Each structure stands twice: as structure tokens, then as C-alpha cells.
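Trainee: Residue numbers (my numbering), protein chains in the order written: chain A, 790 to 1191; chain B, 13 to 251.
We treat Cβ as the ideally placed atom computed from N, Cα and C, and that holds for glycine.
Given the structure is predicted, the values throughout are model-derived calculations rather than measurements.
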């Protein structure tokens, strides 16, 4: 797109890159904000259905589909309160820290083959690293509120997120090992074809690892049954007790953004990314050639695939939230340290051995070997440089540079 | 820069921006990193210091991303911004007698710290300026950055450089320094856990509370107090 702007429209490179960055940032922001609107409405309806109620029915005609917008207007009109004795700067900055962390992680998330804000060759690592920063906003909010409920919530959140990053990292390493790269685009590409190529079905160990990942992801985005930081019934809403209005809604945008992000990451790592269960485009012969209309149509469908998978993941999280009771803090720690971490470690070793001894799968012909391609590690200095993974990034650096 | 000539209507100011776009971002991130670093020194509240440190280290990560070293940048975010600072906040919260005491440095400490920092800065500046290669322009366009050489070098195999004519034929990577750093970190963690653990001996206050609550509380109390960091959190709620 930047090349198109530079060569065809005639913009100077710096303006072209700024425009491209602006468009990407705008799209990602709308994925988060629009997603939050839809998900909050869906959460209300799902919660109501699970509890044998109707949920919102009147706002915006049928099904109450304008309820989120009405909520947003209410939040805009609310008074922005700050408790006496609060640390003013930290209190004001905390929601933005949370939201920025959630937003930044979307930069490296691919929506389809080249629908990605910035393709990084360490994409998985970047997403996990940035996602961990969200906790800092929560800690700041809990401390700055000058309320003991908020502080307890922040402490619990810190303990929980720091602990769950360990098994989460171990689960994420398994697809990285199978694909031989940390580039999210390449990981998803290697799962192209029939759904048997998805890493979820690669071997029994990855199948188990996926569910450990789901548990850790729910815990790391602070959702029920792991929502101890905002336990309404015991901590009076925890870290955001003292927040109201738009600042409060920033925390929720961050939460729904993170939910969507971990679901999309699960889709890319385990569920084939933007590849559908049946390779329709490949069967129709559409995936050949680049730049034509059919090709872009395939990309759009792939983007829809990924959004659908991520949305399904978010819906599962809602289902879990309204089904399971909240865990105590010691149960949360037990789940992490005594169950998730050892299971993830054993499954990691198992997947490694499977890869070593049964690289072709048990049933030849159905499961194609997905991990046979390595990056040319030992070819010498040219091996890593010529493999083309880092090419778009390099172009950015070279063209932006003076 | 070919496109900028076609835009004849642009003022010189925009042309300047076109030339210095990369440099501009570099100076922006560098200023942020230095400014927040000064903020860490000047602030007297522990949590504010932590916030400024996060922002300073985050700006440094931005510098790494700007240089095209995504792996180092993500490492910076993961280890320094994410891990260490959460641990720092934890340590502050668990060890401080009164929570969030303001730190007051004596003037003697200030002078000592100033001397140490100034001499270190002088040494680093001298070292940075004396390296001839670093003053050459266009250094960033030499090689495409990739994470694989760093990763393999960390497990003891250098693929980025041809092996020298050593007897073994392979060039050892960074495995030994990596292991030494790991053991150091382990020692630090054990020490931090020792410092932050719940105290075993009973304070007069605890005995008083236990006596007023009856014998059941007395039976529960010791188990709760020896439970480590997790139960220290829950015990803090009960106190």
C-alpha cells in the first residue's frame, strides 16, 4: 500500500508511510472499539439467556441491539469523579496505560496474509510481551485510587497475571516449535489446507496444550472464573471501584480488546489462522497469482475467517464466565502452579518427541507434516538473511530512513 | 526521496521533516527515555518512580524497534517493562513497613550517587565516541535483522559469523554467560523470597487478636502465617 502511494499517487515516502500507519491504526482502533460495542451487547444477551432472562429487548427495536450505544452515551454523560487523597496523575493515566497495551499488541496480529499492521519476525513474542503490560495499568489504578478494595484487587491481579504468564508462554512455544518460527504470518500459513493441518489436530499433545492455553488466556485477561481483581461481591469491583464514566469504560475497552486478542492469537496459533476448515479457494484455484481482484477477495474471506474464529473464542469466554463460579485466590494459584504449568511442560516435551519420532503423523495421507521446514539455520550467514521473513520490515526501515 | 521533488508546493519545513523523519522519531524516543529517567531520580514516591521507569524503558524499546531489532525490543518489553517492574511493585508492596513510604535521600547519598553516575557517564561517553565504526553513517542498512542467530547463539552455536580457525572448528556462543546470568537471577529470586516471606514470630498484636477470637483462631493462625506469598495476600485482607 505504501509502495502504491509512493509510485502511483506520488506522495513523498514519509507522508506515504504516515498515511499507511494512520490507516492501520484507525482500522485496529475500530476493531477494538466496534468489537467492544458488539461484545458488550452479546455479553448481556448471553448472560440473560444463561440465567433464563431476556436481557435488553427495547433499545433500538428488536433484540436491544442499540444497548451498547446507549450505555456509551450514558458513560459519556457521567461525572468524572476522583476520590480525595488519590494520586491524581497516576489515577488519570492508568486507564490509558491499560488501553495502550491492549492496542499495541494488535499491531503484530495478522488478520489475513498481508492484512497485518506491522509484520514482525518475532510476532508471537511481541504480542505476549505487550499483553503482559496491561497489568501495569491495573496496578497503577489500584494504587492511585487510595482505596483498600482497589489495592487488594490490584495485588491479586498482579499475582495472577505474573503467575499465569509462565504456563501461557509454554503453551505458545509449542506452535512456535512446530512451525520453526515466531512469525505469526508464517505460523498461520503453515496450517493452510484441510483442517487436519491445524496445529490443534497435529498430535494429541498439541490438542491438550490448546485447552491449557485457553485456561491461561482466560486467566491472563482477567475474566471469570479468574476475575479476582474485580470481584464485585467481595471487593466492591476491585481495581476500578473508584472509576466512573469514560475512564472506567477505557478499562473495559482494554478488557474486551484483550479478550479478542487472545482469541485471535489462539486462532492463529492452533486453529489455522485465516485458513478455513476446507480449502475452498485452493479447490477453486483462486489462490494463484497476486494483486488481482480474486486474490483480494480470498484475503477478505480469510480476514472474515479469523474474525469469526476470534469471535467464537470470545463467546466461549462469556459462556464460561456465566457458567463457572469464581475461584478463590489460592485455588487460582493452585490451578496455575500445580496443574497448568506441569501439564504444559509435559505436553511441550511430548510434542517435541512426537515431532522427533513421528513427524509424518500416525495416518499417512491425512496429516501432512507441518513442521518439516526449518529456516535454514546452519547454512551459514546467508541462510537467515535470504529466507524473506524479515523482508517487509526491512523495507520499512530502509525507506523511512534518511 | 524521489517523491518529495514532485511535491513542489511543499514548504522547506516539510522537506526538512521528510529528510529527518527517522531521526525525528529517534530524537523523540531518546528524549522520552532520558526525560523519564531523570523523572525516576527526581520522584520521591516509589510507585511514581516505577511508572517513570516503565515509560523510560518502554521508550528504549521503541528505539530498538526503530532500529529494526524487534527481538531485542520485545525482549526489553518482556523482561524489563513487564517482568521486572511487576516484581518491583510486588517487592515494594510486600517489604515496605508502611505501604508506599516516600523515599528521602540524604545529601551525602546524593553527592555520592552524583559522583558515581557522572564518572560512569564519562566512561560510557568516552567509550562510545572512541569506536570508529559507530560514527560511520548508514550503519542500519548493513544486514537484515533476524532473531535466529541470537537464539542459536544463546544455546551455544554461532551461525552469524564464520567459524575461526580454532582447533574445535566451531565458535562457541553465549551459553556460558547466559547460564551465569541465569544462576545470578535465581540467587536474586531466592533472596527476594527470603526477604519478602511472612515473619514466623508472633507480634503482640497477632496474639491479642488470636486471644480475642478464641482457640479456633489460634489453631488456624500458624498455618496461615507460613503459607508464603499467596497466603500473605489473603492474610493481608484479614488483618
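1) Residue range of the alpha helix (DSSP H) that residue 1083(A) falls in?
2) Would you say residue 60(B) faces chain A, with C-beta separation under 8 Å as the test?
3) Does residue 975(A) pass the burial test, meaning 16 or more other C-beta atoms within 10 Å, or should it be called exposed?
4) Rank 939(A), 928(A) and 998(A) by C-alpha distance to the C-alpha of residue 1140(A) and give the top, closest one.
5) Inspect the beta-carbon positions of residue 892(A) and residue 817(A) and report whether they are closer than 8 Å.
6) So, are the CB atoms of residue 1136(A) and residue 994(A) less than 8 Å apart?
7) What does the alpha-carbon distance come out to for the pair residue 809(A) and residue 815(A)?
8) Taking DSSP as the reference, what is the three-state secondary structure of residue 57(B)?
9) Just verifying my parser: in three-state terms, what is the DSSP assignment at residue 905(A)?
10) Which of helix, strand or coil does DSSP assign to residue 815(A)?
11) Anything in chain B within Cβ reach of residue 967(A), meaning under 9 Å, just list it in chain order.
12) For residue 899(A), which residues does DSSP report across the bridge?
13) Which same chain residues, not among the five before or five after residue 1169(A), have their C-beta less than 8 Å away from its C-beta?
14) Kindly list the residues whose CB is nearer than 8 Å to the CB of residue 895(A), restricted to its own chain and excluding five residues on each side of it in sequence; keep chain order.
15) Does DSSP classify residue 952(A) as helix, strand or coil?
16) For residue 979(A), does the count of other Cβ atoms within 10 angstroms reach 16, so buried, or fall short, so exposed?
17) Counting only C-beta atoms, is residue 739(A) closer than 8 Å to chain B at any point?
18) Counting contacts by CB-CB distance shorter than 8 Å, is residue 1113(A) in contact with chain B?
19) Relative to the C-alpha of residue 52(B), which residue among 42(B), 65(B) and 40(B) is closest?
20) Less than 8 Å separating the beta-carbons of residue 1015(A) and residue 949(A)?
21) Tell me the residue span of the alpha helix (DSSP H) that contains residue 928(A).
22) Please classify residue 43(B) as buried or exposed, where buried requires at least 16 neighbouring CB atoms within 10 angstroms.
23) Looking at chain A, is there any beta carbon in it that lies within less than 8 Å of the beta carbon of residue 49(B)?
24) I'd like the span of the alpha helix (DSSP H) that includes residue 124(B), first residue to last.
25) Is the shortest distance between the beta-carbon of residue 921(A) and the beta-carbons of chain B less than 8 Å?
26) Chain A beta carbons: is any one of them nearer than 8 Å to that of residue 33(B)?
27) Mind checking residue 1036(A): buried by the 16 CB within 10 Å criterion, or exposed?
28) Using 8 Å as the limit for Cβ to Cβ distance, is residue 1055(A) near chain B?
29) With three or more beta-carbon pairs closer than 8 Å as the criterion, would you say the segment 1092-1104 of chain A touches the segment 1055-1065 of chain A?
30) Does residue 191(B) have its Cβ less than 8 Å from a Cβ in chain A?
31) Can you find a C-beta in chain A that's less than 8 Å from the C-beta of residue 94(B)?
32) Could you say which of 890(A), 912(A), 885(A) and 863(A) lies nearest to residue 898(A) if we only look at CA atoms?
33) Using a cut-off of 9 Å between C-beta atoms, extract the partners of residue 63(B) located in chain A.
34) Are the segment 911-925 of chain A and the segment 76-84 of chain B in contact at 8 Å, needing three or more beta carbon pairs?
35) Which word fits residue 838(A), buried or exposed, when buried means at least 16 other C-beta atoms lie within 10 angstroms of its C-beta?
Mentor: The answer reads as follows:
1) 1082-1110
2) yes
3) buried
4) 998(A)
5) Here residue 892(A) is near residue 817(A), since their CB atoms are less than 8 Å apart.
6) yes
7) Roughly 10 Å separates the two Cα atoms.
8) Strand at residue 57(B).
9) strand
10) DSSP, reduced to helix, strand and coil, places residue 815(A) within a helical segment of the structure shown.
11) Under the 9 Å cutoff, chain B gives no residues; its nearest Cβ is about 16 Å from residue 967(A).
12) 905(A)
13) No answer about residue 1169(A) holds up, because its pLDDT of 40 lies below 50 and its placement is not dependable.
14) 817, 820, 821, 906, 1046 and 1050
15) helix
16) Flag for residue 979(A) reads buried.
17) Chain A is shown from 790 up to 1191; residue 739(A) falls before or after that span and cannot be answered.
18) no
19) 65(B)
20) yes
21) 923-933
22) exposed
23) no
24) 119-142
25) yes
26) Contact of residue 33(B) with chain A is assigned, a C-beta pair being separated by under 8 Å.
27) Around the beta carbon of residue 1036(A), a 10 Å sphere encloses 16 or more other beta carbons of the protein chains shown; the residue is thus reported as buried.
28) no
29) yes
30) no
31) Proximity of residue 94(B) to chain A, defined by a Cβ-Cβ separation below 8 Å, is satisfied.
32) 912(A)
33) 878, 879, 882, 886, 925 and 929
34) yes
35) exposed
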